[in-house]
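Student: Protein chains in written order, with the numbering used here: chain A, 9 to 305; chain B, 9 to 305. All residues carry an ideal CB built from backbone N, CA and C; glycine is no exception. My structure is below; once you've seen it, I'll send some questions.
Right, dumping it as structure tokens:
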């Protein structure tokens with residue numbers, strides 16, 4: 009006789025909206041979307057949703073935008089640290105939620121959460137190591153290794169890796185820290201800035217997506233050679249562009265240039281570089297996994 | 009009453025020489041150096057050294073140059089695969105050693121072995137995650153995470169990450185696969201090729217080491233943002249250049265541009281980017297750790 013999975017709460021904290029849900033295993037019992045305004049307002053509304061529900065949650069998981077302090081020995085563990093998002097620096101997110109509930113609350117990055125969601129119910133089931141990369145307003149990545157999302161000194165910030173300027177491109181990049189890192193060159197806002205048009209006006213211009221695919225392939229090459237993942241899941245708003253995933257696979261093959269394990273370089277990369285299976289729900293489902301895991305420890 | 013540590017054999021297989029040793033804990037009882045000629049000759053001599061010793065080994069660890077097949081489900085597990093080193097492609101190193109002894113034999117990459125050595129007795133004691141990078145004839149890196157050296161689809165090949173051409177440099181790089189990856193731009197042979205002089209004639213030319221440090225800092229930035237390690241140990245022949253380590257720290261600070269966890273970006277990086285403590289012995293000692301670990305499982 010198996011025990012019924014616990015009812016848990018989940019908050020996916022994003023820069024534009026918070027998604028809040030109550031679920032059991034990967035079934036949603038209730039959910040809501042709350043616009044991201046101020047920490048006081050948005051976090052309070054999220055907490056209220058969970059408290060007012062007829063479902064009593066046994067644990068809560070948070071998957072949040074960052075950077076986050078994820079050092080368990082730090083006094084500001086679970087806080088959003090120095091984000092460019094106005095009003096949100098030094099927000100003690102974990103503490104705010106913990107203070108309102110008498111249950112365990114666990115936290116990870118948004119991409120770490122999405123990685124956990126995909127590992128449990130999506131495109132990374134059964135894998136021992138993989139990377140989850142999202143390409144949208146920003147570019148972020150989570151590394152799953154050794155049975156959990158990897159943190160060390162901080163958490164991965166894959167959007168800020170080095171890429172080399174493509175010879176037919178003179179754009180200098182928009183990252184306020186590094187200029188031409190992959191986020192500065194290939195995020196949604198970078199596309200808009202380089203081509204001087206909203207992305208929706210660029211959909212049919214092959215040169216836009218050819219260049220985009222080459223930059224993403226450069227970043228994926230470095231991720232591949234540094235972490236040797238079994239798979240890379242690549243999602244986010246920009247990746248919804250028709251045909252882009254396949255184009256990135258092709259360019260990644262060019263970048264690898266035949267160097268690497270034969271399972272990788274002798275393949276068409278269709279099993280290696282894949283879309284998320286949980287789509288927009290990966291982060292929210294990941295927060296549910298975090299909550300469930302916290303009950304097991 | 010504590011049990012005495014086991015006597016183990018260790019082979020560090022390098023492209024120029026094999027180092028073979030018998031040891032207990034981190035004490036060498038006997039050791040030898042064997043030039044790398046052909047697999048048949050060099051591996052046989054290594055085996056003979058271990059067999060003829062008066063010390064009976066209880067397990068053997070191998071730390072080898074690669075690329076290696078480290079997929080335990082592969083029929084060629086423990087083989088050197090497609091190395092550019094003449095005569096060594098498809099060498100079943102693990103099988104050759106296993107066939108000559110009735111004890112457990114474990115294998116990892118040379119840099120994975122060095123990482124294990126540093127984790128156990130050197131500059132990474134007590135850390136949960138770190139990177140070991142070597143800059144010499146080639147550039148290679150091992151990632152330690154989740155209690156062990158990390159492998160996924162193959163093992164890390166950090167020498168092949170993307171770096172951006174520095175504006176005052178027109179050198180195209182010497183990697184046969186990628187041209188201007190970090191190994192193609194900053195390994196010992198790359199230095200020799202760019203400046204058209206043996207490295208020993210370049211020691212006093214500051215522009216050589218300034219450029220070298222900038223390229224290494226680029227690679228270290230990508231490694232930092234992708235794996236968020238607690239520390240990076242950087243060794244190898246090129247790093248023996250006087251003052252280079254401190255120069256790389258300075259350039260890495262420039263590359264990070266203040267973005268990352270405060271423990272990192274508000275520091276002088278002296279605790280973050282460090283020299284190996286075991287120096288030339290890290291790989292051999294790591295092979296001893298591999299052997300000891302194999303007895304515990």
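Kindly say whether residue 233 of chain B, judged by its beta-carbon, lies nearer than 7 angstroms to any beta-carbon of chain A.
Tutor: With 7 angstroms as the cut-off, residue 233 of chain B counts as an interface residue toward chain A.
Student: Going along the chain, which residues of the stretch 158-188 of chain B sit with their C-beta nearer than 7 angstroms to a C-beta in chain A?
Tutor: 158, 159, 160, 161, 162, 163, 164, 165, 166, 168, 169, 170, 171, 172, 173, 185 and 186
Student: Name the chain A residues whose beta carbon is nearer than 7 angstroms to that of residue 272 of chain B?
Tutor: 161 and 162, listed in chain order.
Student: Looking at chain B, which residues of the stretch 84-102 of chain A have a Cβ within less than 7 angstroms of any of its Cβ atoms?
Tutor: none
Student: Taking the C-alpha atoms as reference points, what is the distance between residue 85 of chain B and residue 68 of chain B?
Tutor: 16 angstroms
Student: State yes or no: is the beta carbon of residue 223 of chain B nearer than 7 angstroms to at least one beta carbon in chain A?
Tutor: Output row for residue 223 of chain B: interface = no.
Student: Using three-state DSSP, classify residue 78 of chain A as helix, strand or coil.
Tutor: coil
Student: Looking at the structure shown, is residue 156 of chain A part of a helix, part of a strand, or coil, going by DSSP?
Tutor: Residue 156 of chain A: strand per DSSP, three-state reduction.
Student: Here's the rule: buried if 16 or more other CB atoms are within 10 angstroms of the residue's CB, otherwise exposed. What is residue 9 of chain A?
Tutor: Since pLDDT at residue 9 of chain A reaches only 45, below the 50 mark, its modelled position is unreliable, and the value read off the structure follows with that caveat. That one is exposed.
Student: Rounded to a whole number of angstroms, what is the C-alpha to C-alpha distance between residue 194 of chain B and residue 118 of chain A?
Tutor: 35 angstroms
Student: I need the straight-line Cα distance from residue 146 of chain B to residue 165 of chain B, nearest angstrom please.
Tutor: 11 angstroms
Student: So that I know if they touch, is there some Cβ in chain B lying closer than 7 angstroms to that of residue 243 of chain A?
Tutor: no
Student: At a CB-CB cut-off below 7 angstroms, which residues of chain A make contact with residue 226 of chain B?
Tutor: What residue 226 of chain B touches in chain A: 170.
Student: Per the contact definition of three or more C-beta pairs closer than 8 angstroms, is the stretch 141-161 of chain B in contact with the stretch 109-124 of chain B?
Tutor: yes
Student: How about the stretch 285-305 of chain A and the stretch 249-256 of chain A: do they share at least three Cβ pairs that are nearer than 8 angstroms?
Tutor: no
Student: Rounded to whole angstroms, what's the CA-CA distance from residue 209 of chain B to residue 187 of chain A? Just pull it up for me.
Tutor: 36 angstroms
Student: Just reading off the beta strand (DSSP E) that residue 36 of chain A is part of, what are its end residues?
Tutor: 35-43
Student: From B:61, B:104, B:111 and B:142, pick the residue whose C-alpha is nearest to that of residue 243 of chain B; which is it?
Tutor: B:142
Student: Could you check whether the stretch 23-38 of chain B touches the stretch 261-270 of chain B, counting it as contact only if at least three pairs of C-beta atoms, one from each stretch, sit closer than 8 angstroms?
Tutor: Flag = no, the stretch 23-38 of chain B and the stretch 261-270 of chain B do not touch.
Student: Any heavy atom of the ligand PLP within a distance shorter than 6 angstroms of the CB on residue 61 of chain B?
Tutor: Here there are no bound small molecules, and the ligand PLP is not part of this structure.
Student: On the three-state DSSP scale, how would you describe residue 85 of chain A?
Tutor: coil
Student: Between B:89, B:215, B:58 and B:178, which lies nearest to residue 75 of chain B when the distance is taken from Cα to Cα?
Tutor: B:89
Student: In whole angstroms, give me the CA-to-CA distance for residue 280 of chain B and residue 71 of chain B.
Tutor: 25 angstroms
Student: Using beta-carbon positions only, say whether residue 169 of chain A and residue 230 of chain B come within less than 7 angstroms of one another.
Tutor: Using a Cβ distance threshold of 7 angstroms, residue 169 of chain A and residue 230 of chain B count as a contacting pair.
Student: With a Cβ-Cβ cutoff of 7 angstroms, do residue 234 of chain B and residue 234 of chain A count as a contact?
Tutor: yes
Student: Taking the alpha helix (DSSP H) that residue 72 of chain B belongs to, which residues open and close that run?
Tutor: Run containing residue 72 of chain B: none in the alpha helix (DSSP H); it sits in the beta strand (DSSP E), 67-72.
Student: Quick check on the burial criterion: 16 or more other C-beta atoms within 10 angstroms. Buried or exposed for residue 47 of chain B?
Tutor: buried
Student: Could you tell me the distance, in whole angstroms, from the CA atom of residue 87 of chain A to the CA atom of residue 179 of chain B?
Tutor: 45 angstroms
Student: The beta strand (DSSP E) spanning residue 27 of chain A covers which residue range?
Tutor: 25-32
Student: In whole angstroms, what separates the C-alpha of residue 123 of chain B from that of residue 31 of chain B?
Tutor: 18 angstroms
Student: Give me, in chain order, the residues of the same chain whose beta-carbon lies closer than 8 angstroms to that of residue 13 of chain B; leave out the 5 immediate sequence neighbours on both sides.
Tutor: 32, 33 and 300
Student: Please go through the same chain and pick out, in chain order, the residues whose beta-carbon is closer than 7 angstroms to the beta-carbon of residue 260 of chain A, but skip the five residues on each side of it.
Tutor: 225, 228, 229, 277 and 281
Student: Identify every residue that forms a DSSP beta bridge with residue 116 of chain B.
Tutor: B:71
Student: First and last residue of the beta strand (DSSP E) that includes residue 19 of chain A?
Tutor: 15-21
Student: For a contact meaning CB atoms closer than 7 angstroms, what does residue 302 of chain A contact in chain B?
Tutor: Simply none; closest approach about 19 angstroms.
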